[in-house]
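Student: Sequence lines, in order, name chains G and L. Here the first sequence is numbered in our numbering, starting from 23 and rising by one per residue. Here the second sequence is numbered in our numbering, starting from 1187 and rising by one per residue. Glycine included, each C-beta is placed from N, C-alpha and C at the ideal position. Below are the structure tokens for one structure; questions will follow.
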Amino acid sequence: MSATTAIVTGTTPPRRQTPVRRRTTRDFFARLPMRAIIAVLLIVEIYPMVWMFFGSFKTQSEFLNEPFWSLPQSWGLENYVEVFTTGEFGKYIVNSVIVVFPSLAIILLLGVAAGFTLEVMVWKGRGPVLLLFLAAIMVPTQMILLPLFTIYFQLHLTGTLWPLVLTYVATGLPLTVFMMATFFRAVPREVFEAATIDGANVFGLFWRIGLPLVRNALFTVGLVQFFFLWNDLLIALTFTNSSDLRTIQVGLLNFTGEYGAVQYGPTFAAIAVNVFGTLLIYLFLNQQVMKGLTAGSVKG
Amino acid sequence: MHKVLGDKRAILVLLGPALLVYTLVMLVPIIWSLFYTVQDGNPITGFTFAGFDNFAKFFQDPAAWDAVLFTLRYALVLTVLQVGVGYLLSLMYVFWLRRGSGLIRTIVFFPVVLPTVAVALLFQRLFEAAPTTGPVNTLIQFLGGGNVDWFGTPMASFWIIILMDLWRSMGFYAVLLYAGLVDIPDELIESARIDGASGWKLIRTIVLPLSLPVLLSSLIFSINGTLKVFDTIVALTNGGPGNASTPLTLYMFRTSFAYGDYGYGSTIALMLTILCLLFTVFIFRSTRNDLTKG
Chain G
23 MSATTAIVTG TTPPRRQTPV RRRTTRDFFA RLPMRAIIAV LLIVEIYPMV
73 WMFFGSFKTQ SEFLNEPFWS LPQSWGLENY VEVFTTGEFG KYIVNSVIVV
123 FPSLAIILLL GVAAGFTLEV MVWKGRGPVL LLFLAAIMVP TQMILLPLFT
173 IYFQLHLTGT LWPLVLTYVA TGLPLTVFMM ATFFRAVPRE VFEAATIDGA
223 NVFGLFWRIG LPLVRNALFT VGLVQFFFLW NDLLIALTFT NSSDLRTIQV
273 GLLNFTGEYG AVQYGPTFAA IAVNVFGTLL IYLFLNQQVM KGLTAGSVKG
Chain L
1187 MHKVLGDKRA ILVLLGPALL VYTLVMLVPI IWSLFYTVQD GNPITGFTFA
1237 GFDNFAKFFQ DPAAWDAVLF TLRYALVLTV LQVGVGYLLS LMYVFWLRRG
1287 SGLIRTIVFF PVVLPTVAVA LLFQRLFEAA PTTGPVNTLI QFLGGGNVDW
1337 FGTPMASFWI IILMDLWRSM GFYAVLLYAG LVDIPDELIE SARIDGASGW
1387 KLIRTIVLPL SLPVLLSSLI FSINGTLKVF DTIVALTNGG PGNASTPLTL
1437 YMFRTSFAYG DYGYGSTIAL MLTILCLLFT VFIFRSTRND LTKG
């Protein structure tokens, strides 16, 4: 698979030799265009976030009468209160949490067990089964939505959060199985063979030797899947037919629609609340996130 | 030894649950969806056999063709831009910023993790024309331009969609391609420098050919992702103005859930799947030809 070329180490610093050179005025001017490019890049990336943050404290009249660069006149939390009362964001966040985390746990458990079986264990047909898991990676989710809707409807699961959990688990599995199999492939076979000679049975082998060996990989895959599930809109939009089931993304999508005219302050506060979780995770775990997401780019 | 690692019962216990869920919720629906393409109706009204009517309808439906054209235009433009800008950024990281690129890489990457809906709502405000003037229009007016209604014309809204997705994805492709560039051995670059190659010539003759494999996989990921665009458009323009920015995914979604036409919806989904496959095969083929020529 071409995917293996993309399993990357986004963190290793380049080993290029920098010739030692004295800094002169000419050097300073030679570097100026590059510095300008970097400055523009940083403004383009960071300013929207700063603008959002300030905007979440402004009142409606500040939005309509002051220029966009003005600072908020007070730092009251009225907009945020609005988001959690009228906007019912508390409910949406709870829905997202009770759907995403159990799904994530199931994906990782089933995925690592399947990856172990497909890569470490010896049996006929493991090649075709791995291919079977890969087959669906590039198939658009749209292909499975309609039959699933029928199935969930017939099983009377519509109106609960079960459709989301089941669909998330199934759509998360191919990538997880593929990535776990790749990580197990990197473990020397002797490790497992030595353990079987020592008399360990397969489940012990999986639980006490296989799992600890891929613990870091499991964390990385978990992070990747967390972002996919937390930020999902298509599946959540399809299977949340009442406002009580909305996840945080569907809630935000419907947020502006609940007022006649745009309520700027609450909208900005809602965006800030929505962005907060993933931004916080990125602040602390950015290296793992970068590594994981680029490795998982097969998903497209 | 192989007895332990070949334990049939263990294989069943460890692989069974994953395979079962995957089969029931992914594979069975994919096949099931194929049966829908030759039927009419939805689960509530019931289905009737329709033969190949849905396919005939697809090829005669102007809205479907608009959706195909929009999807292709969006996917091609964005793929070229995000892989292109990503590659330029990665060259900048490796050859100009060198060791100092860590922080910049991390900052330019961050929009990837933001929820699309949130970014879209933010971009709506950034490019707003009325009743408040957003930062972008303020800047344009400051530079002497007029107030642009970005979401009012098909052309402008197309470029807003492209711009937003480029903002979100360029850092991602930069890191992906950066990893490919770092793998190029230093000795190769150094010896080319000694031979007199520098700047643009060095990049064109040494760096570009060596980063071709990772560029190729980036193109495949990008085209597969962009053909399936949904979140960005639903949240940013909702297909508008009119139906000017409606891709196949959104057209399928509306046909199925707003009009309850599951048969036609499945047909559109199948067409999208075929489109993704065609492009992947096409990119593979075209590069293989190049390799044999070189």
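Below 9 Å on C-beta distance, what does leucine 1191 of chain L contact in chain G?
Tutor: Val142, Met143, Val144, Trp145, Phe214, Glu215, Thr218, Val224 and Leu227
Student: Hey, could you find the ends of the beta strand (DSSP E) glutamine 1268 of chain L is sitting in?
Tutor: No beta strand (DSSP E) holds glutamine 1268 of chain L; the alpha helix (DSSP H) holding it covers 1248 to 1277.
Student: What residues from the segment 1438 to 1451 of chain L come within 8 Å of chain G, judged by C-beta to C-beta, listed N to C?
Tutor: Met1438, Phe1439, Ser1442, Phe1443, Tyr1448 and Gly1451
Student: Please list, in chain order, all residues of the same chain as phenylalanine 1244 of chain L whose beta carbon is under 6 Å from its beta carbon, the five residues on each side excluded.
Tutor: Ala1250 and Thr1453
Student: Whole angstroms are fine: how far does the CA of serine 319 of chain G sit from the CA of phenylalanine 1407 of chain L?
Tutor: 6 Å
Student: Who pairs with asparagine 1228 of chain L in a beta bridge, going by DSSP?
Tutor: Paired residue(s): L:Gly1232.
Student: Measuring alpha carbon to alpha carbon, tell me which residue in L:Arg1311, L:Trp1386 and L:Val1280 is nearest alanine 1360 of chain L.
Tutor: L:Val1280
Student: For valine 1199 of chain L, would you say it is in contact with chain C, using Cβ-to-Cβ distances shorter than 9 Å as the test?
Tutor: Of the protein chains in this structure, namely G and L, none is chain C.
Student: Rounded to whole angstroms, what's the CA-CA distance from alanine 1444 of chain L to glutamate 1314 of chain L? Just pull it up for me.
Tutor: 29 Å
Student: Measuring CA to CA, which of G:Phe50, G:Arg268, G:Leu168 and G:Asp254 is closest to isoleucine 1217 of chain L?
Tutor: Minimum Cα-Cα distance from isoleucine 1217 of chain L among the listed residues G:Phe50, G:Arg268, G:Leu168 and G:Asp254 corresponds to G:Leu168.
Student: Just confirm the distance between the C-beta atoms of phenylalanine 1358 of chain L and valine 1415 of chain L, as a whole number of angstroms; I'd bet it's less than 8 Å.
Tutor: Phenylalanine 1358 of chain L to valine 1415 of chain L, Cβ: 15 Å. No contact.
Student: Looking at the secondary structure, which residues open and close the alpha helix (DSSP H) in which tyrosine 114 of chain G lies?
Tutor: 111 to 141
Student: Determine the burial state of alanine 1481 of chain L: buried for a count of at least 16 other Cβ atoms within 10 Å of its Cβ, exposed for fewer.
Tutor: Residue 1481 of chain L lies beyond the stretch modelled for chain L, which goes from 1187 to 1480, so this question has no answer here.
Student: Going by C-alpha distance, which of G:Ala317, G:Tyr286 and G:Leu275 is nearest glutamate 100 of chain G?
Tutor: G:Tyr286
Student: Alpha carbon to alpha carbon, what distance is there between alanine 1242 of chain L and isoleucine 231 of chain G?
Tutor: 57 Å
Student: I need the boundaries of the alpha helix (DSSP H) containing threonine 1209 of chain L, first residue and last residue.
Tutor: No alpha helix (DSSP H) holds threonine 1209 of chain L; DSSP gives it neither H nor E.
Student: Would you call the segment 237 to 254 of chain G and the segment 1208 to 1224 of chain L in contact, with 3 or more CB pairs under 8 Å?
Tutor: no
Student: Apart from the five residues just before and just after isoleucine 1326 of chain L, which ones in its own chain have a Cβ nearer than 7 Å to its Cβ?
Tutor: Val1334
Student: Grab me the residues of glutamine 327 of chain G's own chain with a C-beta within less than 7 Å of its C-beta, minus the 5 sequence neighbours each way, in chain order.
Tutor: Nothing about residue 327 of chain G can be reported from this structure: the residues present for chain G run from 23 to 322 only.
Student: Suppose only complete runs of 4+ residues qualify. What are the alpha helix (DSSP H) ranges in the segment 1412 to 1464 of chain L, listed by chain order?
Tutor: 1417 to 1422 and 1434 to 1439
Student: Name, please, each residue of chain L whose Cβ falls closer than 7 Å to the Cβ of glutamine 164 of chain G.
Tutor: Thr1435, Met1438, Ala1455 and Leu1458
Student: Hey, is the segment 256 to 269 of chain G in contact with the segment 176 to 187 of chain G, meaning 3+ C-beta pairs nearer than 8 Å?
Tutor: Yes, since at least three Cβ pairs between the segment 256 to 269 of chain G and the segment 176 to 187 of chain G fall closer than 8 Å, the two stretches touch.
Student: With DSSP run on the structure shown, which of helix, strand or coil describes leucine 1308 of chain L?
Tutor: helix
Student: Compute the Euclidean distance between the alpha carbons of glycine 1202 of chain L and leucine 1464 of chain L, then round it to the nearest angstrom.
Tutor: 33 Å
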